[in-house]
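I have placed the structure first, in the form of structure tokens, so that the comments after it can refer back to it.
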Ligand code: HEM
């Protein structure tokens with residue numbers, strides 16, 4: 004890892020000319036997967052921790068201006084510009100701004116509401132029993148929204164042509180071949196998981212998990228108004244799952260993944276010939292070769308086929324992760340919650356939680372130790 | 002009274018006007034209520050609504066915009082269908098022709114950017130529903146319907162992505178659909194698929210697995226194009242339309258837009 008960092012810097016420093024390049028290099032460096040990820044988690048954490056101060060309009064305005072300046076300056080870099088002006092990447096810029104704005108708007112109201120409740124003042128949403136007539140109060144809002152939306156789409160359509168590349172050619176694969184932008188998060192997961200997990204199991208779990216939300220969240224407070232204080236766990240989980248593991252990974256896949264799905268800094272040229280990543284190793288190799296100093300087993304034992312025997316350490320780890328850890332968490336960190344929601348709900352919640360947690364865990368293992376599979380039974384295509 | 006408004010009154014009092022719109026000019030409480038109740042499109046609303054429910058900063062209008070973008074997609078999509086043939090011979094050139102020959106050829110642009118916007122809008126809608134805790138009882142089931150709508154919206158975008166039949170389209174779909182190969186048990190490269198067999202004869206091959214079901218072939222070819230076309234233009238929009246109706250119906254049955262109790 005350190006080597007790849009150095010080579011990254013060395014290659015760029017040759018071209019460097021003064022301060023701008025130094026800044027760009029620094030940003031390229033910070034945008035490496037692990038730093039980028041840690042940074043986004045840090046930003047989210049700080050935001051959730053200090054949401055009351057950080058959502059004050061002046062702070063938000065400052066963040067907006069600072070970000071816009073940074074984004075605008077970045078656009079002066081040819082490589083960065085070539086990414087953001089790709090027609091199908093325009094929605095990404097839109098998404099970043101809109102989510103920035105609406106996350107602010109939501110948490111701002113939460114901050115005001117939480118303050119109000121503490122001071123015994125009514126909520127922003129209070130007085131909800133006052134009724135107004137739908138005609139005209141609502142239909143006009145709807146009409147205006149529809150007109151503005153139409154104008155927006157038409158202007159966008161006039162300004163920007165829809166992309167049309169060369170006719171489809173099954174024998175000519177582009178490099179990188181990227182999924183549509185809204186699935187880039189899943190494509191990024193393919194780096195850390197086999198397709199059956201990244202492409203089938205995890206999407207399935209996302210859907211199941213989302214549907215399960217109202218049945219798992221038994222907290223009666225915070226129904227129908229903005230608040231963070233009264234629902235810290237639920238909202239934090241959602242922010243991690245949706246904003247970090249979905250949106251941030253999309254941004255990552257758009258800006259930082261180039262040919263051969265290699266990492267490239269935002270201001271780096273997408274060099275097709277950059278060598279692919281180092282060889283990755285499995286838990287079985289670490290266990291048998293590095294710890295026990297013997298070869299990887301080629302014969303089975305205890306009636307197990309050799310590949311199951313070989314993977315026993317990983318199987319034990321996984322069993323522990325999915326079956327022992329939930330019990331340990333139940334009697335410690337999640338004790339109160341477990342008491343509240345009961346066994347069935349807790350079991351489902353903890354499974355979803357552990358699967359979600361597995362994503363950053365495997366990412367960190369990969370970045371830090373070139374780690375590949377906990378259990379790698381390639382013989383059955385069963386790799387974890 | 003000016004000639005103009007006299008004419009207006011004459012029209013509104015006549016038989017034709019009265020047969021179409023049964024209520025008078027919505028000026029007072031009664032006629033305003035009637036305006037909502039007697040219109041098939043508007044009566045999806047209640048007559049009166051809680052004040053907090055129409056505050057823009059509460060709903061962000063995102064559900065409404067998602068719906069409106071869906072309508073834009075339907076209209077531009079139907080128009081596009083006049084010009085587009087879902088075959089490998091024609092698809093790409095029909096799209097090219099849209100640009101070159103169709104007057105005010107913005108259809109494709111509007112359809113594509115509208116689709117992107119719809120994906121963003123539905124995500125924002127979900128975010129606001131979450132942040133306001135609006136999925137909590139009694140709205141649990143409407144959240145479920147919402148999640149299904151979310152999946153279908155993404156699939157709608159995904160199936161549409163293939164139709165221009167250019168490099169971008171073909172390879173994005175190839176990347177996406179390759180994952181189906183690895184479905185456990187029913188994908189030919191999926192875990193344990195080789196043990197799905199009867200009397201020692203394996204049942205799951207590249208020629209009959211989950212990806213084959215999706216693409217009607219082992220690669221993204223003419224069958225996949227036709228299949229995605231039908232899914233994109235007929236099947237998924239129909240299901241989405243029905244589910245949106247249920248979604249809206251449930252909002253009212255669940256007591257309208259959520260608010261503090
Ligand atoms: C095609 C997609 C969708 C359309 C057209 C749609 C439309 C709407 C509209 C117009 C409302 C009224 C309030 C508002 O605008 O916020 C609403 C409310 C609601 N939506 Fe959706 N929605 C869609 C998808 C979703 C999704 C993805 C979810 C959640 C996963 C969801 C969950 C809900 C819930 C729970 C409510 C009730 C909120 C309340 O009472 O405050 N919907 N939807």
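Protein chains in written order, with our numbering: chain A, 4 to 387; chain B, 2 to 262.
Even glycine gets a Cβ: it sits at the ideal position worked out from N, Cα and C.
Under the three-state DSSP convention, the category residue i falls into
| i | result |
| --- | --- |
| residue 49 (chain B) | strand |
| residue 297 (chain A) | coil |
| residue 6 (chain A) | Bear in mind that the predicted position of residue 6 (chain A) carries a pLDDT of just 49, short of 50, making it unreliable; the figure below should be weighed with that in mind. Residue state, collapsed to three classes: helix. |
| residue 265 (chain A) | coil |
| residue 379 (chain A) | strand |
| residue 260 (chain A) | strand |
| residue 386 (chain A) | strand |
| residue 2 (chain A) | This structure does not reach residue 2 (chain A), given that chain A is present from 4 up to 387, and the question cannot be answered. |
| residue 124 (chain A) | coil |
| residue 89 (chain B) | coil |
| residue 214 (chain A) | helix |
| residue 167 (chain B) | strand |
| residue 88 (chain A) | coil |
| residue 169 (chain A) | coil |
| residue 202 (chain B) | strand |
| residue 1 (chain B) | A query on residue 1 (chain B) cannot be resolved here, the shown segment of chain B reaching from 2 to 262 and no further. |
| residue 79 (chain A) | coil |
| residue 276 (chain A) | coil |
| residue 145 (chain A) | helix |
| residue 20 (chain B) | helix |
| residue 58 (chain B) | helix |
| residue 27 (chain B) | coil |
| residue 312 (chain A) | helix |
| residue 219 (chain B) | coil |
| residue 119 (chain A) | helix |
| residue 230 (chain A) | coil |
| residue 197 (chain B) | coil |
| residue 259 (chain B) | coil |
Span of the alpha helix (DSSP H) around residue i
| i | result |
| --- | --- |
| residue 254 (chain B) | 237-254 |
| residue 235 (chain A) | 235-241 |
| residue 93 (chain B) | 92-102 |
| residue 224 (chain B) | 223-231 |
| residue 195 (chain A) | 187-195 |
| residue 340 (chain A) | 338-372 |
| residue 307 (chain A) | No alpha helix (DSSP H) contains residue 307 (chain A), which DSSP labels as neither H nor E. |
| residue 14 (chain B) | 4-14 |
| residue 247 (chain A) | Residue 247 (chain A) -> no alpha helix (DSSP H), and no H or E assigned at all. |
| residue 31 (chain A) | 22-33 |
| residue 3 (chain A) | With chain A covering only 4 through 387, there is no way to say anything about residue 3 (chain A). |
| residue 55 (chain A) | 54-57 |
| residue 72 (chain B) | 63-82 |
Host beta strand (DSSP E) of residue i (start-end)
| i | result |
| --- | --- |
| residue 134 (chain A) | 134-136 |
Assumed close pair residue i, residue j - CB separation to whole angstroms, cut-off 8 Å
| i | j | result |
| --- | --- | --- |
| residue 189 (chain A) | residue 201 (chain A) | 6 Å |
| residue 55 (chain A) | residue 129 (chain A) | Rounded, the Cβ-Cβ distance is 20 Å, inconsistent with contact. |
| residue 51 (chain A) | residue 239 (chain A) | 6 Å |
| residue 237 (chain B) | residue 156 (chain B) | 6 Å |
| residue 2 (chain A) | residue 272 (chain A) | Shown here, chain A extends from 4 to 387; a query on residue 2 (chain A) therefore has no answer. |
| residue 134 (chain B) | residue 77 (chain B) | Actually they are not in contact, since the Cβ atoms of residue 134 (chain B) and residue 77 (chain B) sit about 36 Å apart, beyond 8 Å. |
| residue 140 (chain B) | residue 60 (chain B) | Contact doesn't hold; Cβ gap of about 13 Å is too wide. |
| residue 259 (chain A) | residue 34 (chain A) | 6 Å |
| residue 1 (chain A) | residue 85 (chain A) | Residue 1 (chain A) lies beyond the stretch modelled for chain A, which goes from 4 to 387, so this question has no answer here. |
| residue 294 (chain A) | residue 300 (chain A) | Residue 294 (chain A) to residue 300 (chain A), Cβ: 14 Å. No contact. |
| residue 178 (chain B) | residue 221 (chain B) | 7 Å |
Given 8 Å as the limit, is there contact between the segment 153-169 of chain B and the segment 224-233 of chain B, that is, 3 or more CB pairs closer than that? Result yes; three or more Cβ-Cβ pairs closer than 8 Å.
Under 8 Å, with one C-beta from each stretch per pair, do the segment 94-114 of chain B and the segment 154-163 of chain A reach the 3-pair mark? With the cut-off at 8 Å, the segment 94-114 of chain B and the segment 154-163 of chain A touch.
Would you call the segment 138-153 of chain B and the segment 206-216 of chain A in contact, with 3 or more CB pairs under 8 Å? For the pair of segments examined, the segment 138-153 of chain B was found to touch the segment 206-216 of chain A: the number of CB pairs separated by less than 8 Å reaches three.
Taking three-plus beta-carbon pairs below 8 Å as touching, is the segment 115-135 of chain B in contact with the segment 62-80 of chain B? When Cβ pairs closer than 8 Å are counted between the two stretches, the segment 115-135 of chain B is seen to touch the segment 62-80 of chain B, the count reaching three or more.
Can you confirm whether the segment 251-261 of chain B touches the segment 225-239 of chain A when touching is taken to mean that 3 or more C-beta pairs between the two stretches lie within less than 8 Å? The answer is yes - the segment 251-261 of chain B touches the segment 225-239 of chain A, with three or more Cβ pairs under 8 Å.
Is the segment 169-185 of chain A close to the segment 251-271 of chain A, with three or more CB pairs under 8 Å? The segment 169-185 of chain A, when compared against the segment 251-271 of chain A, does touch it at the 8 Å Cβ threshold.
Taking contact to mean 3 or more Cβ pairs, one atom from each stretch, closer than 8 Å, check whether the segment 180-189 of chain B and the segment 200-215 of chain B are in contact. At 8 Å Cβ cutoff, the stretches touch.
Counting Cβ pairs closer than 8 Å, one from the segment 230-243 of chain A and one from the segment 97-117 of chain A, do we hit at least three? Yes, the segment 230-243 of chain A is in contact with the segment 97-117 of chain A.
Are the segment 366-379 of chain A and the segment 312-325 of chain A touching by the rule of at least three beta carbon pairs closer than 8 Å? Result yes; three or more Cβ-Cβ pairs closer than 8 Å.
Is the segment 28-37 of chain B close to the segment 138-151 of chain A, with three or more CB pairs under 8 Å? A contact is defined here as three or more CB-CB pairs under 8 Å, and the segment 28-37 of chain B meets this definition with respect to the segment 138-151 of chain A.
Is there contact here, the segment 365-375 of chain A with the segment 281-296 of chain A, by at least three beta-carbon pairs under 8 Å? Result yes; three or more Cβ-Cβ pairs closer than 8 Å.
Segments assigned alpha helix (DSSP H), at least 4 residues, entirely inside the segment 109-191 of chain B: You should have 141-163 and 168-179.
With three or more C-beta pairs closer than 8 Å as the rule, is the segment 64-72 of chain A touching the segment 22-31 of chain A? Flag = no, the segment 22-31 of chain A and the segment 64-72 of chain A do not touch.
Touch test, the segment 37-56 of chain B against the segment 90-105 of chain B, Cβ-Cβ under 8 Å, three pairs minimum: Fewer than three Cβ pairs drawn from the segment 37-56 of chain B and the segment 90-105 of chain B lie within less than 8 Å of each other, which leaves the two stretches out of contact.
Indicate whether the contact test is met: 3 or more Cβ pairs, each with one atom in the segment 192-201 of chain A and one in the segment 178-187 of chain B, closer than 8 Å. Result yes; three or more Cβ-Cβ pairs closer than 8 Å.
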